[in-house]
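J.: Residue numbering for the sequence shown follows this note's numbering, starting at 60 and increasing by one per position.
Beta carbons are placed, not taken as given, at the ideal position from N, Cα and C, and that holds for glycine.
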Amino acid sequence: MEISQLEYFIVLCKHGSYTRASEELHVSQPAISAAVKKLADECNDSLVVRKKGAFTLTPKGEVLLEGAIKVFEEYSRLKQELDSFGMQEREVIRLALPFPLCPELLESKIPRFNAEHTDAALHLLQEGHSHIAAGLRSKNVDLGIVCRDFIDSDLGSRLYKKLEYYACFPPNHPLAGEKEITPEMLKNEKLLVPRIANSISGSIVEYFSVYDFEPCIQYVDVFPADVWHLARDGEGVAFMPAHSCDGFGIPLSPPLYSELYVVWLEKQPMTEHKRELIDYICDDQQII
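1) Count the other CB atoms within 10 Å of the CB of Ile62; is the residue buried (16 or more) or exposed (fewer)?
2) For Gly308, report the span of its alpha helix (DSSP H) as first-last.
3) May I ask you to report which of helix, strand or coil DSSP gives Ile152?
4) Could you check where the beta strand (DSSP E) with Leu106 kicks off and where it finishes?
5) When DSSP builds the beta bridges, which residues end up paired with Arg217?
6) Which residues does DSSP pair with Leu222 in a beta bridge?
7) On the DSSP bridge list, what partners appear for Leu348?
8) In three-state DSSP terms, what is Lys238?
9) In three-state terms, what does DSSP make of Pro328?
10) What's the gap between the Cα of His74 and the Cα of Pro253?
11) Classify Ala174: buried if its beta carbon has 16 or more other beta carbons within 10 angstroms, exposed otherwise.
12) Does the beta carbon of Ala180 fall short of 6 Å from some heavy atom of the ligand GTP?
13) Rounded to a whole number of angstroms, what is the C-alpha to C-alpha distance between Tyr134 and Ala155?
Set out below in structure tokens:
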């Protein structure tokens, strides 16, 4: 469990509304929903029941809320105590990451940056691409990672990585045993694309734009990381990052890529620590 997840859960329970919790926390509703889902997964049970507009906690949710309040109060007390030793003088960098696409940052690069830069405090946020871009413009975010569709003249950028996407089929689909998939093979298939703004939606449209047929795209209201569940259940074909499609994805020929960039607000001053963090993130660019 993470402190931010507990904080989101506490505020959600206080308001009984994802909308009002989002307004207090200044994060998107999907970010709160994702945090609560992770807590529920760790608890191996549901925490919240929503029926006809009513918001109630399950018995396990009530236990978690009571414990979360105690943990968060102790965390806040400890943070204030540490701040009294001068930690508030550290440069705070607010880095916003898109939901499922940057695990290597959390696993290696960011911990290494923190260990080597004890005079900087890195605050991580998880948001959708449009919220990250908006956060930069409102100066609630210092650095973010977004796909190129969200970059304009207000934002500076540097290429972080290219993600290769595979086509994901139900196990019993006629194409499930193919070694590779061409665009023509998908001509009559229903292509599932998350409606939420993310790195792959625009790339799929662009990928098929050079062919002489109109792909059958169906926009679905799920998180990008969850669209493969629909494919596995036979709803259509999904596109997932090659490293996260659980072994049932098939490469496309030609390959389908989506590019991610580190971005910042051009008119904001660029500190030395921010430059170094960008270097940490963008070093060793690779196709994943």
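T.: Looking at the atomic coordinates:
1) exposed
2) Segment Gly308 to Leu324 is the beta strand (DSSP E) holding Gly308; no alpha helix (DSSP H) there.
3) It is a strand residue.
4) Taken as a continuous stretch (DSSP letters only), Leu106 belongs to no beta strand (DSSP E), as it is neither H nor E.
5) Arg217 is bridged to Val321.
6) Bridge partners of Leu222 according to DSSP: Ser317.
7) Absent from the model: residue 348. The displayed extent of the chain is 60 to 347, so no value can be given.
8) coil
9) In the structure shown, Pro328 sits in coil (DSSP, three-state: anything other than H, G, I, E or B).
10) 28 Å
11) exposed
12) The ligand content of the structure shown is nil, which means the ligand GTP is not present either.
13) When only Cα atoms are considered, Tyr134 and Ala155 end up about 22 Å apart.
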